[in-house]
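Novice:
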Amino acid sequence: MFFTGTRSNYNVQSAFAIASGLAADGGLFVPQDFPAFSADEFAEMTDMDYCQRAALVLSKYLTDYTADEIKYCVEGAYKGSFDNDQPAPLADIGKNRRMLELWHGPTCAFKDLALQLLPYLLTTALKKLGTGKEAVILVATSGDTGKAALAGFADVKDTRIVVFYPRDGVSDMQKLQMTTQKGKNVSVCAIAGNFDDAQNGVKAIFTDGEMKEFLNRSNMEFSSANSINFGRLVPQIVYYVSAYCDLLKDGTLKPGEQFNVVVPTGNFGNILAAVYAKQMGVPVKKFICASNKNNVLTDFIRTGVYDRNRKFFTTESPSMDILISSNLERMLHLLAGGDSSKVAAYMAELKNNGRYEIDADMLAKLQSEFYGSFCDDETGRKAIKEIFEERNYLCDTHTAVALAAGENYRKETGDDTLQLIASTASAYKFAPAVIQALTDEEMPADDFEKLTMLSKLTGTTVPAPLANLKGDEILHRECVEKENMADFIRRHLG
Ligand SMILES: *Cc1c(COP(=O)(O)O)cnc(C)c1O
């Protein structure tokens, strides 16, 4: 299996793609073609546990890793770090809907599924490539990636990790999770800007010649833990494959029977993994792309025009407050039939004018598989209250956006096909908004008392990783202007 780039053609194997993160021309690595599972393989997988399924999916893409290496990576990532060793369980929430719960890991958001595994994949890749260099993981985060990457990479040998988050764009709990992170190889910094500023800054640093030289002199090289890294995507394909196997196993679906996938979307990584799962044979009918008020993707799916020149909103689903969805570039590459010059032209337009329009052929393909919908915070809160009252099911603000989009889709199309809804975070990470959705009672000022209040209100337990933050010392207090991100890196790596 070889990988090419979205903006020009490459011929690299997975270890190289994972170690570098981004292609040299700023494009993203994508598989040259997609491996597919046969009906027999799906049948075999229904009796496997999560680790075995993961190993099988990985083995199709990481053909340059040995079976032992893959087993070592997968077991290191998933054995012991998730509740009940169940990384991605399903919950029946009625009306032919299942929640795919992706928040049972150490940082209580779906990013753990990929970021518990990525350090293993990356350090194994570095060993295979034999560069002898230390990997510097650069992360721009809208809140959840930062902590999940820190938890994955803290004190991992031969790696350093630097995380940038938007000062006013993350929840209190997310901020606390990051600023208390221990580890000799970690640096965390707020920036005076939003997520797009952080992401653009990181992308620019990646391709900056001077920075590259600075790193070379220190025997280091950059890599990425953002979903631009293909190593983030493969583990995400796994949970869609695994969910399909679970649905086959419990008789909800017959082999080959289609279902719809609903994903609360920001950077387009999670939903793209579902698209890749379909390429491998998972029978997805529609991809329902759910956005908050930053609805650039809803407009894109409806019109074919991607236009980031619009007001940026800070919402109660901060991990989706994004105007430039990086992984959409991989989707364009797929829609363009692998025509990298076409993708490069769109990306140049996006960079220069903040806007591009795909051609009619690509739009038709996109619309045949995708449905886009968005909602505001108030509608999200209603969804939280409704599902709690109806089913005694607690969901977070991001998952609520997906619930609302799934509902809109049903109303608009009349399609009652089973919906698999990606539940991306624990409600406790966004306790204030969730509490306000559920009750008018006065909220305590203290962050931890809020967690207790939500627990009492709902009869659910505060996740240990959040409860345990209490009393942890704040270790990272720096905040820089977005122009000074490179300078922060030099100071901290020097
Ligand atoms: C990151 C994140 C999202 C968005 O996922 P993308 O892969 O960026 O589209 C949604 N919800 C939560 C809770 C997240 O952390």
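Numbering (this note's numbering), first residue to last: -5 to 488. C-beta: ideal position from N, C-alpha, C; glycine also. Model, not experiment: these values are computed from the prediction.
(1) If you draw a straight line from the alpha carbon of A342 to that of K379, how long is it in whole angstroms?
(2) Mind checking A134: buried by the 16 CB within 10 Å criterion, or exposed?
(3) Tell me whether I265 counts as near ligand 1, meaning its Cβ is closer than 7 Å to at least one heavy atom of that ligand.
(4) Are at least three pairs of beta-carbons, each pair with one atom in the segment 216 to 230 and one in the segment 314 to 324, less than 8 Å apart?
(5) Looking only at its chain, what residues have a beta carbon closer than 6 Å to the beta carbon of G298, apart from the 5 residues adjacent to it on each side?
(6) Please classify M437: does DSSP put it in a helix, a strand, or coil?
(7) Using the Cβ count rule (16 or more neighbours within 10 Å means buried), how would you classify S335?
(8) Taking only heavy atoms of ligand 1 into account, decide whether any of them is closer than 7 Å to the Cβ of N261.
(9) DSSP three-state label for N254, please.
(10) Taking only three categories from DSSP, how would you classify D79?
(11) Got a sec, what are the start and stop residues for the alpha helix (DSSP H) L329 sits in?
(12) Buried or exposed, going by whether 16 or more other CB atoms sit within 10 Å of the CB of Q80?
(13) Along the chain, where does the alpha helix (DSSP H) containing Q168 start, and where does it finish?
(14) Considering just the uninterrupted stretch of the beta strand (DSSP E) at R91, what are its terminal residues?
(15) Cβ of D466 within 8 Å of Cβ of T174?
(16) Classify G366 as helix, strand or coil using the three-state DSSP reduction.
(17) Whole beta strand (DSSP E) runs in the segment 78 to 152 with 3 or more residues, listed along the chain?
(18) Any idea what DSSP makes of S335, helix, strand or coil?
(19) Is DSSP giving D355 helix, strand or coil here?
(20) Kindly give me the distance between the Cβ atoms of C183 and E472, rounded to whole angstroms, as I take these residues to be in contact under 8 Å.
(21) If I follow the unbroken beta strand (DSSP E) through S218, where does it start and stop?
(22) Check whether the segment 399 to 407 and the segment 262 to 272 are in contact - that is, three or more C-beta pairs closer than 8 Å.
(23) Under the rule that 16 or more other beta-carbon atoms within 10 Å means buried, what is D191, buried or exposed?
(24) Would you verify that the beta carbon of A49 is, or is not, closer than 8 Å to some beta carbon of chain D?
(25) By DSSP, does I199 sit in helix, in strand, or in coil?
(26) Alpha carbons only, please: which of A416, F382, P438, E436 is nearest the one belonging to T454?
(27) How long is the line joining the alpha carbons of D410 and N90, rounded to whole angstroms?
(28) Rounded to the nearest angstrom, how far is the Cβ of I87 from that of Y300, given a contact under 8 Å?
(29) Does the contact criterion of 3 or more C-beta pairs under 8 Å hold for the segment 326 to 335 versus the segment 240 to 252?
(30) Got a sec, what are the start and stop residues for the beta strand (DSSP E) F281 sits in?
(31) Please return the same chain residues whose Cβ sits closer than 7 Å to the Cβ of S165, not counting the five positions on each side in sequence.
(32) Is any heavy atom of ligand 1 found at a distance shorter than 7 Å from the C-beta of K105?
(33) Answer with buried or exposed for R304, where buried requires no fewer than 16 other C-beta atoms within 10 angstroms of its C-beta.
(34) Going by the CB atoms, is the gap between T393 and P314 shorter than 8 Å?
Specialist: Looking at the coordinates:
(1) 43 Å
(2) buried
(3) yes
(4) yes
(5) E351, I352, L357
(6) coil
(7) exposed
(8) yes
(9) strand
(10) helix
(11) 322 to 329
(12) exposed
(13) 166 to 173
(14) 91 to 95
(15) yes
(16) strand
(17) 84 to 86, 91 to 95, 128 to 134
(18) helix
(19) helix
(20) 5 Å
(21) 214 to 218
(22) no
(23) buried
(24) Annotation note: the requested chain D is absent from the structure, which comprises a single protein chain.
(25) helix
(26) F382
(27) 8 Å
(28) I87 to Y300, Cβ: 32 Å. No contact.
(29) no
(30) 278 to 285
(31) G137, P312, K423, F424
(32) yes
(33) exposed
(34) This sequence places Met at residue 314; Pro is not what is there. Going by C-beta atoms, M314 is not nearer than 8 Å to T393.
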